[in-house]
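Here the protein sequences line up with chains A and B, keeping their order.
The letter at position 35 of the first sequence is residue 35 when you use our numbering, and the numbering goes up by one with no holes.
When you read off a place in the second sequence, starting at 1, and then add 1000, the result is the number in our numbering.
All C-beta atoms in this analysis are idealised placements derived from N, C-alpha and C, irrespective of residue type, glycine included.
A short write-up of the structure that comes next.
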Amino acid sequence: MALLELKNVHTYYGNIHALKGISFSVEKGEIVTLIGANGAGKSTTLRTISGLLTPRQGEIWFEGQRIDRLPPHEIVARGVLQSPEGRRIFPRLTVRENLEMGAYQRKDKAGILQDMERVFALFPRLKERLNQKGGTLSGGEQQMLAIGRALMGRPRVLLLDEPSMGLAPVLVEQIFDIIREINQQGTTILLVEQNARLALSIAHRGYVLETGRIVLTGTGQELANNPQVKAAYLGEH
Amino acid sequence: MAVAALPTPTVRRTLRMTLASVFGPLGQVFVFVVGSAIVLSIGTLLIAFLLRGTRADVDLVQATLVILPQVIIDGLVRGFLFATIALGYTMVYGVLEFINFAHGEIFMVGAFAGAALGSILVSSGVLNALPVPLYVVVAVLVGMVVSGLLAVSIERVAYRPLRGAPRLVPLISAIGVSLLLQDGVRLIANLSGLGFNARFQTPNFGPPLRLAEIPVSEDRAIPLILDVRALTFIVAAILMLVALNYLVNATKLGTAIRAVAQDRPTASLMGINVNQIIALTFLIGGALGGAAGVLFGIRVGTVNPYVGFLPGLKAFTAAVLGGIGNIPGAMVGGIVLGFLEAFVASYLSLMTAGAFSGASYADIVAFSILILILIFRPSGLLGEAVSQKV
């Protein structure tokens, strides 16, 4: 049984039909990536999984339970955490408070402190900024904080929306190394990316989205070598 | 090149950090309170000095000085009244960007709850046997519970179903709730025998405290007095502000309130139950309003169903003056407005030889100064650029 499974999910923004029957699955321990152009529905998919949007049709299953009618906080309670597009750091909370909000539903104080140390081991910069307001961080630091914040909820699956957006190339490489490391430590990851080359290089499997539909699927390697993908998303001819 | 390693901050929260996060904002408020009291006092003395020749019967400077401590105490009481009510407006605005225009009526219901408690205690014959501090604690708690629950119910019934509607719709709903509460309370007050002008019965607070004697001339001295009810108001308000700052700045729930205020969808992605936090905000704001209502009732002695309108409006202005959505801002705005009113009410008549007799002009002058402040600083005294949400 897949850890996370979407079955024929249709999501609308008002009258706009954004997801037109998406089906895919994520197995425990994988990195799965959704790639596609702007407006293909990648972020919409993540927002639907997290419960910010409710699908008009279709089902979402997580660990054998249907979650597509649950409010966002109950989906988080089941272990689905998201680092949203544009980072969405709480600008007037400190780095510490941002991280504490990631662990909002947890009561184990010792475990929370332990996980905070784990986040600092991944992102030492955050420890230096601990009592600074989130809004004063640089873009790269905010991205680290957004990922760290989601990790604080001990995710069973971590949804990452465009972690490379707006970052310098050297920082992007660094963030992706850390994403792989997080996965190797045992966290399942669903990664949404415009930077298809990088995403496919670390993903076990991938799905290609075009205007609300999945048009291609395969392992990261297969997709990276697929001529259509090369032409459309990797800029090769 | 050797660079000294920066000491890494400890991950665990220390007591010092907690205290700093509670008293830091209160320190800011304190500076504003003392600052505005000093500025207004100096300004008034200056005017008195300049107008000294206009009155033959009294020495304006001396008269100004003699009543100054009383005016400051009066300003503090008015200020804390506005501040405690303004907090309800500003907190709800912070999480919902919505002005709860029924908040003045929530204050009024708190005052009526206190009046009802007083009348029950009188009829059971225990009121005057109660020690004053115990009475104050019980009455304030009753007001807080009644108004807090009322505010939560109003949110659930009249605002939450309209959450997705255009902004004007919940505003109209709030005005409706406001009218409903005024006339509902009027009906209940008349039927229950409390009456339209309900007496706010309290145990005897005793004579005012004489703090000092100010010698005016060789054979005359004016006593500096502090009314026990005013003192009660100030002490209770300060305690509530400390508690509120602790809750909002040093607890997880408070952090969640601020997170919801800054970015509601992302807060829900953190696992925060946004509806619960919004209800909590109404509970806190309502409880503060209810406490203010009871303290107001204790101080003035009677309450009526329309008693919430003007303080509500002024507290709203205070919240805007301080920077709407900003919690220390609401406290500062309330106290500054209170001082302005007290100074105008006490000194205008004196300075104009009675041509403008004080109290009725207090509102005009206070609101005019406010308009000026808002023209030059539209985000409010402590306002940051919170209005631009991405």
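If the cut is a Cβ gap below 7 angstroms, which residues of chain B does residue i touch?
{"i": "residue 50 (chain A)", "result": "1269"}
{"i": "residue 97 (chain A)", "result": "1255"}
{"i": "residue 139 (chain A)", "result": "Ordered by position in chain B, no residue passes the 7 angstroms Cβ test against residue 139 (chain A), which lies about 14 angstroms from the chain."}
{"i": "residue 153 (chain A)", "result": "1271"}
Below 7 angstroms on C-beta distance, what does residue i contact in chain A?
{"i": "residue 1265 (chain B)", "result": "52"}
{"i": "residue 1259 (chain B)", "result": "90, 93 and 101"}
For residue i, tell me which candidate among the options has the shortest Cα-Cα distance.
{"i": "residue 1013 (chain B)", "options": "A:67, A:113 and A:80", "result": "A:113"}
{"i": "residue 6 (chain A)", "options": "A:79, A:141, A:59 and A:91", "result": "A:59"}
{"i": "residue 1180 (chain B)", "options": "B:1122, B:1101 and B:1239", "result": "B:1101"}
{"i": "residue 45 (chain A)", "options": "A:170, A:159, A:141 and A:173", "result": "A:159"}
{"i": "residue 1248 (chain B)", "options": "B:1211, B:1264 and B:1284", "result": "B:1284"}
{"i": "residue 132 (chain A)", "options": "B:1304, B:1017, B:1236 and B:1225", "result": "B:1017"}
{"i": "residue 1222 (chain B)", "options": "B:1064, B:1040, B:1029 and B:1056", "result": "B:1064"}
{"i": "residue 1192 (chain B)", "options": "B:1356, B:1259, B:1115 and B:1211", "result": "B:1115"}
{"i": "residue 1343 (chain B)", "options": "B:1383, B:1326, B:1369 and B:1282", "result": "B:1369"}
{"i": "residue 205 (chain A)", "options": "A:8, A:17, A:1 and A:34", "result": "A:34"}
{"i": "residue 57 (chain A)", "options": "A:31, A:9 and A:155", "result": "A:9"}
{"i": "residue 1382 (chain B)", "options": "B:1032, B:1185 and B:1371", "result": "B:1032"}
{"i": "residue 24 (chain A)", "options": "A:81, A:234, A:216 and A:231", "result": "A:216"}
{"i": "residue 1266 (chain B)", "options": "A:152, A:189, A:28 and A:84", "result": "A:84"}
{"i": "residue 142 (chain A)", "options": "A:65, A:127 and A:156", "result": "A:127"}
{"i": "residue 1139 (chain B)", "options": "B:1200, B:1152, B:1166 and B:1103", "result": "B:1200"}
{"i": "residue 1362 (chain B)", "options": "B:1024, B:1046, B:1015 and B:1071", "result": "B:1071"}
So with CB distances below 8 angstroms, who are the chain A contacts of residue i?
{"i": "residue 1252 (chain B)", "result": "100 and 104"}
{"i": "residue 1262 (chain B)", "result": "90, 91, 92 and 93"}
Assign residue i to buried or exposed, taking buried as 16 or more other Cβ atoms, counted over all protein chains shown, within 10 Å of its Cβ.
{"i": "residue 1213 (chain B)", "result": "exposed"}
{"i": "residue 227 (chain A)", "result": "exposed"}
{"i": "residue 1388 (chain B)", "result": "Per-residue confidence for residue 1388 (chain B) stands at a pLDDT of 40, beneath the threshold of 50, marking its modelled position as unreliable; the derived number appears in the next sentence. Label assigned to residue 1388 (chain B): exposed."}
{"i": "residue 22 (chain A)", "result": "buried"}
{"i": "residue 1376 (chain B)", "result": "exposed"}
{"i": "residue 98 (chain A)", "result": "buried"}
{"i": "residue 123 (chain A)", "result": "buried"}
{"i": "residue 1307 (chain B)", "result": "buried"}
{"i": "residue 13 (chain A)", "result": "exposed"}
{"i": "residue 117 (chain A)", "result": "exposed"}
{"i": "residue 1314 (chain B)", "result": "buried"}
{"i": "residue 15 (chain A)", "result": "exposed"}
{"i": "residue 1054 (chain B)", "result": "exposed"}
{"i": "residue 3 (chain A)", "result": "buried"}
{"i": "residue 1332 (chain B)", "result": "buried"}
{"i": "residue 1173 (chain B)", "result": "buried"}
{"i": "residue 94 (chain A)", "result": "buried"}
{"i": "residue 1050 (chain B)", "result": "exposed"}
{"i": "residue 1006 (chain B)", "result": "With a pLDDT of 48 at residue 1006 (chain B), under the threshold of 50, the modelled position of this residue cannot be trusted; read the value that follows with caution. Classification for residue 1006 (chain B): exposed."}
{"i": "residue 177 (chain A)", "result": "exposed"}
{"i": "residue 1121 (chain B)", "result": "buried"}
{"i": "residue 1346 (chain B)", "result": "buried"}
{"i": "residue 28 (chain A)", "result": "exposed"}
Over the uninterrupted alpha helix (DSSP H) stretch that includes residue i, give me the two end residues.
{"i": "residue 1252 (chain B)", "result": "1252–1262"}
{"i": "residue 1069 (chain B)", "result": "1060–1096"}
{"i": "residue 82 (chain A)", "result": "Careful: residue 82 (chain A) lies outside any alpha helix (DSSP H), inside the beta strand (DSSP E) at 80–83."}
{"i": "residue 1356 (chain B)", "result": "Counting along the chain, residue 1356 (chain B) falls outside any alpha helix (DSSP H), and DSSP gives it neither H nor E."}
{"i": "residue 184 (chain A)", "result": "169–184"}
{"i": "residue 126 (chain A)", "result": "124–128"}
Looking at the ligand ZN, does it come within less than 8 angstroms of residue i, judged from the CB to the closest heavy atom?
{"i": "residue 188 (chain A)", "result": "Ligands are entirely absent from the displayed structure, and the ligand ZN is therefore not among its contents."}
Taking the continuous beta strand (DSSP E) assigned at residue i, which residues delimit it?
{"i": "residue 17 (chain A)", "result": "16–26"}
{"i": "residue 1215 (chain B)", "result": "1209–1217"}
{"i": "residue 235 (chain A)", "result": "Looking at the DSSP string, residue 235 (chain A) is not in any beta strand (DSSP E), and its letter there is neither H nor E."}
{"i": "residue 210 (chain A)", "result": "205–210"}
{"i": "residue 5 (chain A)", "result": "4–13"}
{"i": "residue 155 (chain A)", "result": "Counting along the chain, residue 155 (chain A) falls outside any beta strand (DSSP E), and DSSP gives it neither H nor E."}
{"i": "residue 217 (chain A)", "result": "213–219"}
{"i": "residue 1296 (chain B)", "result": "Note, residue 1296 (chain B): premise wrong, no beta strand (DSSP E); alpha helix (DSSP H) at 1274–1300."}
{"i": "residue 62 (chain A)", "result": "57–62"}
{"i": "residue 1328 (chain B)", "result": "Not the beta strand (DSSP E): residue 1328 (chain B) falls in the alpha helix (DSSP H), residues 1327–1351."}
Please list the partners that residue i has in chain B, where partner means a Cβ-to-Cβ separation under 9 angstroms.
{"i": "residue 30 (chain A)", "result": "In chain order: nothing, as chain B lies at least about 22 angstroms away."}
What residues from chain A crowd round residue i, counting only those whose CB sits closer than 9 angstroms?
{"i": "residue 1016 (chain B)", "result": "Result: empty, since nearest Cβ-Cβ is about 12 angstroms, beyond 9 angstroms."}
Got a sec: which bits of the segment 1268–1297 of chain B sit with their beta carbon under 9 angstroms from any beta carbon on chain A, in order along the chain? Along the segment 1268–1297 of chain B, going in chain order, the ones with a CB nearer than 9 angstroms to a CB of chain A are 1268, 1269, 1270, 1271, 1272, 1273, 1274, 1275 and 1276.
- Taking a cut of 7 angstroms between CB atoms, which residues from the segment 1159–1171 of chain B lie near chain A? So nothing in the stretch comes that close.
Q.
Against chain B, which members of the segment 49–83 of chain A pass a CB distance test of less than 8 angstroms?
A. The segment 49–83 of chain A vs chain B, Cβ under 8 angstroms: 50, 51, 52, 71, 72, 73, 76, 77, 81 and 82.
Open item on the list: Under 8 angstroms, CB to CB, which of the residues in the segment 1227–1255 of chain B have a partner in chain A?
Closed with: Those residues of the segment 1227–1255 of chain B placed with their C-beta closer than 8 angstroms to a C-beta in chain A are 1252 and 1255, ordered along the chain.
Using a Cβ-Cβ cut-off of less than 7 angstroms, list which residues of the segment 1299–1325 of chain B approach chain A; keep chain order.
For the segment 1299–1325 of chain B, the beta-carbon criterion of a distance under 7 angstroms to any beta-carbon of chain A is satisfied by none of its residues.
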